[in-house]
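Notes follow once the structure below has been shown.
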């Protein structure tokens with residue numbers, strides 16, 4: 094069993110959603126994660142709020158937030174256990190983030206010591 | 004109380020106290036001597052009280068006899084004196100060894116014993132067995148009945164566990180501050196198992212099963228009474244136990260069988276225990292860490308409300324979603340899927356259930372049967388039939404057969 098990280102990419106982090114819409118997404122996300130956990134395939138994860146976000150650039154230039162000229166922002170991630178990348182992709186397909194056009198979920202295998210290839 | 008009832012009653016309440024205090028005094032290496040002296044004390048009570056009648060204060064009588072027996076044991080046994088009195092925690096001269104059976108020392112000794120017995124070096128199964136024997140004063144045959152096994156197996160299990168505690172030189176002491184959270188976690192696991200053993204056991208001895216649950220609650224409360232162990236997760240565990248225990252009366256049928264949740268008369272649910280559960284759940288919500296006991300207590304709270312509301316099932320679903328992220332178990336996965344069907348509808352729940360693939364589990368097929376009911380009755384019946392093939396107990400078989408007969 095390998096571990097894969099599913100990274101949620103939002104096309105435009107500055108778009109504001111209504112509290113009601115946020116609540117619906119939150120429930121959908123919790124149900125999606127709960128479904129993965131119910132298959133004993135959930136390893137961990139976190140939401141990444143925009144409060145206190147900083148970007149540190151070349152020459153230690155620090156800017157507030159991951160916004161500005163960066164179009165995409167990362168909204169969160171989860172780590173799943175999967176037998177293959179295809180299985181991890183199947184999990185990713187259920188991610189509510191994908192309801193937003195232009196959003197994406199990046200699936201990456203986690204390198205573990207000797208197993209890194 | 005009549006004499007024939009009094010001795011078993013005192014055995015249950017006092018044996019563990021005497022054992023804990025003596026064991027604390029002698030050290031874990033000599034746990035059997037502590038047990039023997041405590042047993043011997045009750046044997047004396049049985050003999051003396053039968054002929055001479057009850058003493059005025061039976062508990063004080065027991066303590067005095069236990070003290071005398073312990074003191075004379077220490078004096079008489081030369082080998083023991085050589086080997087142990089040197090290591091005695093109390094460094095007073097041999098003739099004046101103080102055996103402190105005050106309430107304070109009893110409580111401290113029991114708490115310390117709890118930490119020693121629930122030491123991570125022995126298996127949880129052995130921890131539960133030893134807890135029943137040493138902390139709860141259960142007889143070997145009672146433990147055997149509770150575990151649906153025989154006395155020999157339990158004796159062997161307890162013997163091996165004690166050997167292990169000796170070999171690991173486990174101290175009967177309160178863990179230090181840096182260790183306490185981790186050690187407390189292990190104590191809570193044992194108390195949780197002890198309670199579950201009583202609540203879900205297949206043993207038909209209902210009184211014994213309830214005793215197991217009540218003992219688990221008593222020991223959890225012992226932790227709450229102590230400032231250092233009065234932690235949110237301990238309160239959450241006791242809250243969970245109170246909510247479950249509130250259904251003891253309502254789930255008892257006249258023939259000794261169990262009445263399932265949905266068939267229970269909720270007016271027989273114990274309101275006092277439910278409000279105690281809420282009290283401890285409130286206390287548990289101080290602090291910022293959510294343990295699995297918090298989540299399970301939350302789920303148990305919602306089950307004290309029988310009405311099928313959208314709000315209830317949405318809350319239960321989210322609690323299961325969180326619980327599964329902390330700790331997976333097949334039963335939580337199945338219950339989560341049931342809550343999903345109530346909150347989000349059967350179609351979504353069926354798709355999720357099919358992914359679980361818990362094909363060796365009767366409850367998996369019973370769930371699928373329940374979800375397909377009214378949607379595809381053929382599939383529903385087929386799944387209940389698969390559940391029937393996997394069911395082990397007569398009670399389970401009867402319940403599933405009743406479902407099949409409904410189609």
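Chains as they are written, first to last, in the working numbering: chain A, 94 to 210; chain B, 4 to 410.
Even for Gly, the Cβ is constructed at its ideal location relative to N, Cα and C.
Bear in mind the structure is a predicted one, so any value in this text is a computation, not a measurement.
Using the beta-carbon of each residue, which ones in chain A are nearer than 9 Å to residue i?
i: residue 364 of chain B; result: Per Cβ cutoff of 9 Å: no residues; residue 364 of chain B is ~13 Å from chain A at best.
i: residue 374 of chain B; result: Going along chain A, no residue has its Cβ under 9 Å from residue 374 of chain B, so there is no contact; the nearest lies around 14 Å.
In terms of residues, what are the limits of the alpha helix (DSSP H) holding residue i?
i: residue 249 of chain B; result: No alpha helix (DSSP H) contains residue 249 of chain B, which DSSP labels as neither H nor E.
i: residue 158 of chain B; result: 154–170
i: residue 75 of chain B; result: 61–79
i: residue 198 of chain B; result: 183–203
i: residue 401 of chain B; result: 397–408
i: residue 107 of chain B; result: 106–120
Determine, using beta carbons only, whether residue i comes closer than 8 Å to chain B.
i: residue 132 of chain A; result: yes
i: residue 135 of chain A; result: yes
i: residue 101 of chain A; result: no
i: residue 96 of chain A; result: no
What does residue i reach in chain B if we use C-beta pairs closer than 8 Å?
i: residue 124 of chain A; result: 320, 324, 343, 347
Just checking my contact of residue i with residue j at CB under 8 Å: how many whole Å lie between their CB atoms?
i: residue 127 of chain A; j: residue 327 of chain B; result: 6 Å
i: residue 100 of chain A; j: residue 199 of chain A; result: 4 Å
i: residue 355 of chain B; j: residue 370 of chain B; result: Not a contact, Cβ separation roughly 10 Å.
i: residue 157 of chain A; j: residue 147 of chain A; result: 6 Å
i: residue 211 of chain B; j: residue 149 of chain B; result: 6 Å
i: residue 69 of chain B; j: residue 109 of chain B; result: Rounded, the Cβ-Cβ distance is 12 Å, inconsistent with contact.
i: residue 134 of chain B; j: residue 49 of chain B; result: Not really, about 25 Å apart at Cβ, beyond 8 Å.
i: residue 157 of chain B; j: residue 143 of chain B; result: 5 Å
i: residue 217 of chain B; j: residue 200 of chain B; result: No, residue 217 of chain B and residue 200 of chain B are not in contact; Cβ-Cβ is about 12 Å, not under 8 Å.
i: residue 173 of chain B; j: residue 31 of chain B; result: 5 Å
i: residue 177 of chain B; j: residue 114 of chain B; result: 7 Å
For the beta strand (DSSP E) that residue i lies in, which residues bound it at each end?
i: residue 126 of chain B; result: Premise fails: residue 126 of chain B is in no beta strand (DSSP E) and is neither H nor E.
i: residue 141 of chain B; result: Note, residue 141 of chain B: premise wrong, no beta strand (DSSP E); not H, not E.
i: residue 197 of chain A; result: 197–202
i: residue 156 of chain A; result: 154–157
i: residue 138 of chain A; result: 135–140
i: residue 149 of chain A; result: 147–150
Determine the chain B residues that contact residue i at a beta-carbon separation under 7 Å, and present them in chain order.
i: residue 128 of chain A; result: 355
Would residue i count as contacting chain A if we go by Cβ distances under 8 Å?
i: residue 292 of chain B; result: no
i: residue 371 of chain B; result: no
i: residue 240 of chain B; result: no
i: residue 336 of chain B; result: yes
i: residue 163 of chain B; result: no
i: residue 296 of chain B; result: no
i: residue 169 of chain B; result: no
i: residue 410 of chain B; result: no
i: residue 115 of chain B; result: no
i: residue 331 of chain B; result: yes
i: residue 350 of chain B; result: no
i: residue 138 of chain B; result: no
i: residue 97 of chain B; result: Since pLDDT at residue 97 of chain B reaches only 49, below the 50 mark, its modelled position is unreliable, and the value read off the structure follows with that caveat. Residue 97 of chain B does not count as touching chain A.
i: residue 9 of chain B; result: no
i: residue 411 of chain B; result: Any answer about residue 411 of chain B is impossible in this case: the structure gives chain B only from 4 up to 410.
i: residue 94 of chain B; result: Note that residue 94 of chain B has pLDDT 47, beneath the 50 cutoff, so the model's placement of it is unreliable and the number below is only indicative. Not closer than 8 Å to any Cβ of chain A, the Cβ of residue 94 of chain B fails to qualify, so no.
Could you name the residues of chain A that residue i contacts, counting a contact when the two beta carbons are closer than 7 Å?
i: residue 152 of chain B; result: Simply none; closest approach about 29 Å.
i: residue 328 of chain B; result: 126, 130, 135
Who are the neighbours of residue i on chain A, taking C-beta pairs under 8 Å?
i: residue 359 of chain B; result: 131, 132
Is any heavy atom in the ligand GDP found nearer than 7 Å to the beta carbon of residue i?
i: residue 160 of chain B; result: In the structure on display, the ligand GDP does not appear, and there are no ligands present to speak of.
Notebook entry, point to check: Which parts of the region 94–119 of chain A are runs of the beta strand (DSSP E), unbroken and 3 residues or longer, counting only runs that do not cross its ends?
Noted result: 95–103
Notebook entry, point to check: Which runs of the alpha helix (DSSP H) fall wholly inside the region 166–194 of chain A and span at least 4 residues, in chain order?
Noted result: 178–186
Next item on the list: Tell me the start and end of each unbroken alpha helix (DSSP H) in the region 18–61 of chain B that is at least 4 residues and wholly inside, in chain order.
Entry: 34–55
Margin query: What ranges does the alpha helix (DSSP H) occupy inside the region 296–379 of chain B, keeping only unbroken runs of at least 4 residues that lie completely in it?
Written below: 313–329, 333–347, 349–359, 365–375
Notebook entry, point to check: Fully enclosed by the region 212–291 of chain B, which alpha helix (DSSP H) runs are 4 residues long or longer?
Noted result: 235–248, 274–287
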